[in-house]
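If you read the sequence shown in the numbering used here, its first letter stands for residue 0, the second for the next number, and so on.
The structure appears below as structure tokens.
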Amino acid sequence: MEDKKANIMAVSTIIVLTIFIIVARVSLRLSKPFFLIAGASGSVILAVLAHLIIRRRYKHSRKLLESQLVSQGIELRIEYSFLRKVAGVPTKFRYKELEEATDNFQALLGQGSSASVFKGILNDGTSVAVKRIEGEKHGEKEFQAEVSAIASVQHVHLLRLLGYCIIAGGPRFLVYEFIANGSLDCWIFQGRRNRNQPGGCLSWGLRYRVAIDVAKALCYLHNDCRSTILHLDIKPENILLDENYRAILADFGLSKLMGRDESKVITNIRGTRGYLAPEWLLEYGVSAKSDVYSYGMVVLEMIGGRRNVCLVENGNDKSQRRWQYFPKIVNQKMREGKLMDVVDDRLTESGGIDEREVRRLVFVAFWCIQEKARLRPSMGQVVEMLEGHVPVEEPPDTQMIIVDLLAIDEELPDAHNMAPMAAIQTQPIDNNLPTTSTYSDMSVLSAR
Numbered sequence: 000m001e002d003k004k005a006n007i008m009a010v011s012t013i014i015v016l017t018i019f020i021i022v023a024r025v026s027l028r029l030s031k032p033f034f035l036i037a038g039a040s041g042s043v044i045l046a047v048l049a050h051l052i053i054r055r056r057y058k059h060s061r062k063l064l065e066s067q068l069v070s071q072g073i074e075l076r077i078e079y080s081f082l083r084k085v086a087g088v089p090t091k092f093r094y095k096e097l098e099e100a101t102d103n104f105q106a107l108l109g110q111g112s113s114a115s116v117f118k119g120i121l122n123d124g125t126s127v128a129v130k131r132i133e134g135e136k137h138g139e140k141e142f143q144a145e146v147s148a149i150a151s152v153q154h155v156h157l158l159r160l161l162g163y164c165i166i167a168g169g170p171r172f173l174v175y176e177f178i179a180n181g182s183l184d185c186w187i188f189q190g191r192r193n194r195n196q197p198g199g200c201l202s203w204g205l206r207y208r209v210a211i212d213v214a215k216a217l218c219y220l221h222n223d224c225r226s227t228i229l230h231l232d233i234k235p236e237n238i239l240l241d242e243n244y245r246a247i248l249a250d251f252g253l254s255k256l257m258g259r260d261e262s263k264v265i266t267n268i269r270g271t272r273g274y275l276a277p278e279w280l281l282e283y284g285v286s287a288k289s290d291v292y293s294y295g296m297v298v299l300e301m302i303g304g305r306r307n308v309c310l311v312e313n314g315n316d317k318s319q320r321r322w323q324y325f326p327k328i329v330n331q332k333m334r335e336g337k338l339m340d341v342v343d344d345r346l347t348e349s350g351g352i353d354e355r356e357v358r359r360l361v362f363v364a365f366w367c368i369q370e371k372a373r374l375r376p377s378m379g380q381v382v383e384m385l386e387g388h389v390p391v392e393e394p395p396d397t398q399m400i401i402v403d404l405l406a407i408d409e410e411l412p413d414a415h416n417m418a419p420m421a422a423i424q425t426q427p428i429d430n431n432l433p434t435t436s437t438y439s440d441m442s443v444l445s446a447r
């Protein structure tokens, strides 16, 4: 509209100027030089007007083009972000973006010895959990390579890694999808009460389903990835529950990639006490069967609603406190045919527990925690057994040597501290594993 007005004004000015010069020439009988000067002046005026009009139109066109480019750029960024999420490519966030998303890291979800987790909301409205890892273990390229390897793993029961952030000489950040119902430990252990579930804890049916979900996630990591991925830190705190109480296996901070031609990995990583396989504590190397052992320990905790290693109080007398090893209690009840005695009493009070499922779950758990790694099933076999596709035989008795490895003495109240590894005398573990191995240092993604 503005361009049209400018054009009309320019044409009108030219016509008026021409008429004025002609009238002046005829009526005033002006000399020819004056006519030439007036004509030249008019031409200059017209040239200036034309320049202003052209410049105005150019500016308008440029603004319109810039507006279109910005709009297209936003659309391209949104499309690119969508494609990255679909393809599982991690986004490299700027520190300012994470600072704004977490409101300057105010909403603390959890904290460990070397990492903290904060809730945040990205600009597109996506809820995320931002993990801040202190310290600098590896270089930026190694960190990015490890992040890419983990982010490429896509499974319905594995936590998605959305992106990362690196600050030179400072902390590293990992950005995960946010899971609504928190971790499994808040839903199964005594003393934790949730109003969203009857009895304040996770029902038996949901616990059984969680056991299957986690088994499927581990089966995928062990068998269906380009390289075998060992999780190496399976515990209730690393199992999240979504809005439908389906399990999401989290925290690949201690994960290790293992080639298909390798049978075990020698590592100096230490996971969480109470979930480590004997061969790991004895430094014989870890394998997929080490994850199987940790899984079995978690299953026992889901059944009993208590920690596998816990301190039992006896009134106010601290000298009478003693450590209990729950798998040893379950093993005794299993031999006595009294498996219902070890089920979380909050579940037995509410009823509705399938005793056959209890038996199946206990049997599977004890197959998983066999001292000899070769006796443990694969996670694929665990899924088959839990879903009832194959029968579950009664597991063989175990020596419970882990009690000695963890220095747990049920009679001594002073057994809280672990004995030095060199001081422990025990029988060798027959892992029946070839000697092919690789050394692997602590993962830079570790939160511990």
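Where a beta carbon is used, it is the ideal one built from N, C-alpha and C, also for glycine.
Less than 8 Å separating the beta-carbons of Ser147 and Glu133?
no
Hey, how far is the Cα of Leu121 from the Cα of Trp186?
28 Å
Less than 8 Å separating the beta-carbons of Leu173 and Val213?
no
Give the straight-line distance between the Cα atoms of Lys62 and Glu96, rounded to the nearest whole angstrom.
If you take the alpha carbons of Lys62 and Glu96, they lie about 28 Å apart.
Given a cut-off of 8 Å on the beta-carbon distance, is the pair Glu370 and Gln398 in contact?
Cβ atoms of Glu370 and Gln398: closer than 8 Å.
Quick check on the burial criterion: 16 or more other C-beta atoms within 10 angstroms. Buried or exposed for Ile238?
Of the residues assessed, Ile238 falls on the buried side of the cut-off, its CB having 16 or more other CB atoms within 10 angstroms.
Which one of Leu385, Tyr274, Val311 and Met333 has the shortest CA to CA distance from Ile368?
Tyr274
In the DSSP output, which residue or residues are listed as bridge partners for Tyr324?
Val308
Measure the CB-CB distance between Asp184 and Leu229 and report whether it falls below 8 Å.
Going by beta carbons, Asp184 and Leu229 fall outside the 8 Å limit.
Do you know offhand how far Glu98's Cα is from Gly162's?
Rounded to the nearest angstrom, the two C-alpha atoms are 14 Å apart.
Nearest CA to the CA of Arg320: which residue from Val311, Lys288, Ile178 and Gly303?
For the residues Val311, Lys288, Ile178 and Gly303, the minimum Cα distance to Arg320 belongs to Val311.
Go through its chain and collect everything with a Cβ distance to Ala128's Cβ below 8 Å, but skip five positions before and after it.
Leu108, Val116, Phe117, Lys118, Gly119, Val174, Tyr175, Glu176, Phe177 and Ile178
Do Cys200 and Arg345 have their CB atoms nearer than 8 Å?
yes
Reducing DSSP to helix, strand and coil, say where Gln110 ends up.
Residue state, collapsed to three classes: strand.
In the structure shown, what three-state DSSP assignment does Ser126 receive?
strand
Go ahead and label Met339 buried or exposed: buried means 16 or more other beta carbons lie within 10 angstroms of its beta carbon, across all protein chains shown.
exposed
Less than 8 Å separating the beta-carbons of Gly295 and Ala364?
yes
What's the call for Ser293, buried or exposed, on a 16-neighbour Cβ count within 10 Å?
buried
Rounded to a whole number of angstroms, what is the C-alpha to C-alpha distance between Phe188 and Val297?
12 Å
Give a yes or no on whether the C-beta atoms belonging to His221 and Ala276 are separated by under 8 Å.
In this structure, Ala276 does not lie closer than 8 Å to His221 by Cβ.
If you follow the alpha helix (DSSP H) that Arg359 is part of, which residue opens it and which one closes it?
Segment Glu354 to Cys367, the alpha helix (DSSP H) holding Arg359.
According to DSSP, what are the bridge partners of Glu115?
First, the amino acid is wrong: residue 115 is Ser here, not Glu. Paired residue(s): Gln110 and Arg131.
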